[in-house]
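Notes to accompany the following structure.
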Amino acid sequence: MIARYQSICDGKKANLINYKPQGGDAVVINDSSLGAQVNNKLKRKTVELEMEGTFEQTQAVMRDIERLQPLLMVKNLNVETSENPFVIFTNLSNQQTQFIPLPSKVKTKFTFDAILPLTPEDVAKLAPPPEEIKDGQTPKK
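Okay, here's the thing in C-alpha cells:
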C-alpha cells in the first residue's frame, strides 16, 4: 500500500513525509460507526499520512487518492502553510534589487480509513459454528 501512495506523491512532485498504518491487518467493522447495516459486511484499514508540497501538488495528490479503489474516508485533516519564501536578486549591472517570490509549501497531515470488502476467509470466520446434531434429532432450518 505504501508504494502506491509514494508513487502518487512522486508523480506530483510532492514529498511523502510519513505513512503509518494503525494496527495490523484490516479489521471487520462491527461498531455501527458506518451504520448498523454495514456491521460484519466490510472491513477497514486505518492509515496516518503526512506530505509536503505546493498547494497545486497537494491538490493533485488528494485528487489522485480520491480516485483510488478502495473507498477512502479522510479524517482529521490538518493543513499548515509555510511562510512565503522569496529570493533577493540583485542585478550587478544596474544595482537594482528584486524580490522574487517562490511557491509556498503546504504540509498536509490526515488519517484515512480504507473501506474494504470482506474476503471469503473473513466471511467464514464470521459465520456461526454449525450446530451439533445429536442422535435422533433433526437439524433446525
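Just add 326 to the spot in the sequence shown (first one is 1) and you have our numbering. From the three backbone atoms N, C-alpha and C, an ideal C-beta is built for every residue, glycine too. Here the structure is a predicted model, which means the values were calculated and not measured.
Leaving aside the five residues that flank residue 381 on each side, the residues in its chain whose CB is nearer than 7 Å to its CB run, in chain order, 432.
With contact defined as three or more Cβ pairs closer than 8 Å, the region 383-390 and the region 327-338 are in contact. The region 429-443 and the region 391-400 touch, with no fewer than 3 CB-CB distances between them shorter than 8 Å.
Buried is the label assigned to residue 355, since at least 16 other Cβ atoms lie within 10 Å of its Cβ. Distances from the alpha-carbon of residue 450 to those of 367, 426, 392, 338 put 367 closest.
Going by DSSP, residue 390 is part of the alpha helix (DSSP H) stretching over 381-393. If the five residues before and after residue 330 are omitted, its C-beta is found closer than 8 Å to the C-beta atoms of 394, all from its own chain and listed in chain order. Secondary structure note for residue 452: its alpha helix (DSSP H) is the uninterrupted segment 446-452. Close CB contacts of residue 434 within its chain, under the 6 Å cut and outside five residues either way in sequence, are with 377, 384, 405 (chain order). Of the candidates 371, 342, 365, 371 places its Cα closest to the Cα of residue 350. Taking 8 Å as the cut-off, the beta carbon of residue 353 is found closer than this to the beta carbon of residue 369. If you draw a 10 Å sphere on the C-beta of residue 362, you find fewer than 16 other C-beta atoms in it, and that means exposed.
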